[in-house]
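Residue numbers (this note's numbering): 44 to 593. Glycine residues also receive a C-beta, built at the ideal position from the N, C-alpha and C atoms. Since we're looking at a predicted model, the values are computed, not measured. Below: the structure, in structure tokens.
Structure below.
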């Protein structure tokens, strides 16, 4: 017998009469039996919870907790563990196991229907349990067991049912199974498992305090064997606590990391371009490095050099390898006075850009005026580059004839007068031909070839004859245009030859010797061979159109 005088705490325990203990036992036994009432309530509560989760309605999910009967078998298991009642243990275990299976099955069935719109925030809230959930379940289990053992506080049981989640995690587990998201389904089932072990162990402690058969079992088995009964429950809670503590630590670390990244990115975005971080950055791990994707509202896109500098800062701040991806969304904040969103650097860049636009506009006006003197010419584009203290412009001009250096010099002079500054102009002529339905417009007038003197005509004829005799040995060779250029005491002969093979240096040397011997010793030859030839069925065509045979 327990000596009340030697244990002062003994008198502080709740005292139940024999009749009260029998009533408590009967009530718990009734709520933990696998009866039709139990199955109907399990079905209804799971259906309510599943549709409440899909509708993302917290109120509906709370209503499902009030109807759920799954806490009854857990109290039965706790009481059976304390009292050693094998029949109660068996009934409670059957009710809980098959009740869990029924709840998951109903959740899967509802999730498999075509009206399932996917995971909702209410579902997502039940897939990542932490140590907080385990502690809530422990205290809820203590409150529930106390209410079940004390008839005066039975009214608190609905509140206990709301405080701890049993059916909603199981419904989420089934819904995620239907969606094929097995990792999320396992997380929801883990939440139920943590709640189960925590409630069962906490209830055992309360029933021990209420002395619902505990003293009799201690006398029958001894303290050691009696304590062994609680090993599975205690081990389950310890394992859950260890695992969920790690989960909580990871969540805390992730939130700290995200807070650090948000602070650093916000500061760097504002400093570099006057930009702002839009929402929380997306973080994932890839090959041991953190890949951070951030969305920036910025007046101008981030350059790769900016991103590299920010990335280095993040690596130092987080003490980890970080790879940064910035998605720039160009935007400007303005009020009635103008742009609001500028840093000092951005404001200076804006002023420089405004000044540059004015200079470019003046340069464009000057060039358009100069080009009006050239028939068919038009300015298509104008670029400006700053080289030290001088200005340099590149003008792209569409024109039927190239614009020469003298014309560019005149245009450059007019440009300098307009800008009142020294500048350099480059004109890139893009040759174009405009046409209407009748003719080409702006066609240049062809230059008339200079008229040859009689002596020049005779020289050209003699040179052509000498070259022609040498080329006669090559079938299909034709002597084309012959030009002369006098340089000091040498007269260069440039000839174009069409032949099926290249006229090489040796052949040119022999032709040049003939020219110097039979025409003029001052002549030097340069032959350009165009490899081509024309043939007919009767032989090589040397430029004339053959007369058809009758």
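Check                                                                                                                                                                               : Outcome
Within 7 Å of any Cβ in chain B, is that where the Cβ of residue 238 sits?                                                                                                          : Although the question refers to chain B, the structure presented lacks it and comprises just one protein chain.
Under a Cβ-count criterion, where at least 16 other Cβ atoms within 10 Å of its own Cβ denotes burial, should residue 306 be classed as buried or exposed?                          : exposed
I think residue 134 touches residue 119, with their Cβ atoms under 8 Å apart; what is that distance to the nearest whole Å?                                                         : 7 Å
Just how far apart, CA to CA, sit residue 272 and residue 300?                                                                                                                      : 44 Å
Check each candidate in 437, 441, 407 and 424 and name the one with the smallest Cα separation from residue 417.                                                                    : 441
Assuming residue 174 is part of the alpha helix (DSSP H), what are its boundary residues?                                                                                           : 174 to 192
Could you tell me the alpha carbon to alpha carbon distance between residue 55 and residue 221, rounded to whole angstroms?                                                         : A caution first: residue 55 carries a pLDDT of 47, below 50, which makes its placement in the model too unreliable to give a value.
Whole angstroms is fine: what's the gap from residue 111's alpha carbon to residue 123's?                                                                                           : 21 Å
When the Cα atoms are used, what is the spatial distance from residue 213 to residue 325?                                                                                           : 30 Å
List the endpoints of the continuous alpha helix (DSSP H) containing residue 115.                                                                                                   : 114 to 126
DSSP state of residue 319, grouped into three classes?                                                                                                                              : strand
Per DSSP, which one or two residues make a beta bridge with residue 559?                                                                                                            : Per DSSP, none; premise fails for residue 559.
My assumption, with CB atoms under 8 Å, is that residue 308 sits in contact with residue 337. Please give the rounded CB distance.                                                  : 5 Å
Return the bridge partner residues of residue 442 from the DSSP annotation.                                                                                                         : 474
Pick from 356, 502, 64 and 373: whose alpha carbon is nearest that of residue 345?                                                                                                  : 373
Please report the residue range of the beta strand (DSSP E) in which residue 568 lies.                                                                                              : 566 to 574
Quick check on residue 246: buried or exposed, where buried means 16 or more other Cβ atoms within 10 Å of its Cβ?                                                                  : buried
By the three-class DSSP mapping on this structure, what secondary structure does residue 60 have?                                                                                   : coil
Excluding sequence positions up to five away, which residues of its chain have a Cβ less than 8 Å from the Cβ of residue 524?                                                       : 538 and 539
Classify residue 297 as buried or exposed, calling it buried when 16 or more other Cβ atoms lie within 10 Å of its own Cβ.                                                          : exposed
Given residue 468, which residues of its chain have a CB within under 7 Å of its CB, disregarding the five upstream and five downstream residues?                                   : 436, 438, 451, 454, 455 and 458
Grouping DSSP H, G and I as helix and E and B as strand, with all else coil, what is residue 111?                                                                                   : coil
Which same chain residues, not among the five before or five after residue 464, have their C-beta less than 7 Å away from its C-beta?                                               : 434
Rounded to whole angstroms, how far is the Cβ of residue 227 from the Cβ of residue 219, which I believe are closer than 8 Å?                                                       : 4 Å
Give me, in chain order, the residues of the same chain whose beta-carbon lies closer than 8 Å to that of residue 587; leave out the 5 immediate sequence neighbours on both sides. : Low per-residue confidence applies at residue 587: pLDDT is 49, beneath 50, and the placement is therefore not dependable enough to give any value.
Helix, strand or coil: which one does DSSP assign to residue 367?                                                                                                                   : strand
By the 10 Å Cβ neighbour count, where 16 or more other Cβ atoms means buried, how is residue 574 classified, buried or exposed?                                                     : exposed
For residue 34, does the count of other Cβ atoms within 10 angstroms reach 16, so buried, or fall short, so exposed?                                                                : Residue 34 lies beyond the residue range present for the chain, which begins at 44 and ends at 593; the question has no answer from this structure.
Taking residue 139 as the reference, give the member of 152, 160 and 239 with the closest Cα.                                                                                       : 239
Would residue 311 be called buried (16 or more neighbouring beta carbons within 10 Å of its own) or exposed?                                                                        : buried
Residue 47: buried (16+ other C-beta within 10 angstroms of its C-beta) or exposed?                                                                                                 : With a pLDDT of 46 at residue 47, under the threshold of 50, the predicted position of this residue should be treated as unreliable, and no value is reported.
Given residue 232, which residues of its chain have a CB within under 6 Å of its CB, disregarding the five upstream and five downstream residues?                                   : 216
Tell me whether residue 534 sits in a helix, a strand or coil according to DSSP, three-state version.                                                                               : strand
Just the C-alpha distance for residue 514 and residue 479, rounded to the nearest angstrom, thanks.                                                                                 : 46 Å
Here's a check: name, in chain order, each residue in its chain whose Cβ is nearer than 6 Å to the Cβ of residue 137, leaving out the five neighbours to either side.               : 77
Going by C-alpha to C-alpha distance, which of 504, 313 and 565 sits closest to residue 530?                                                                                        : 565
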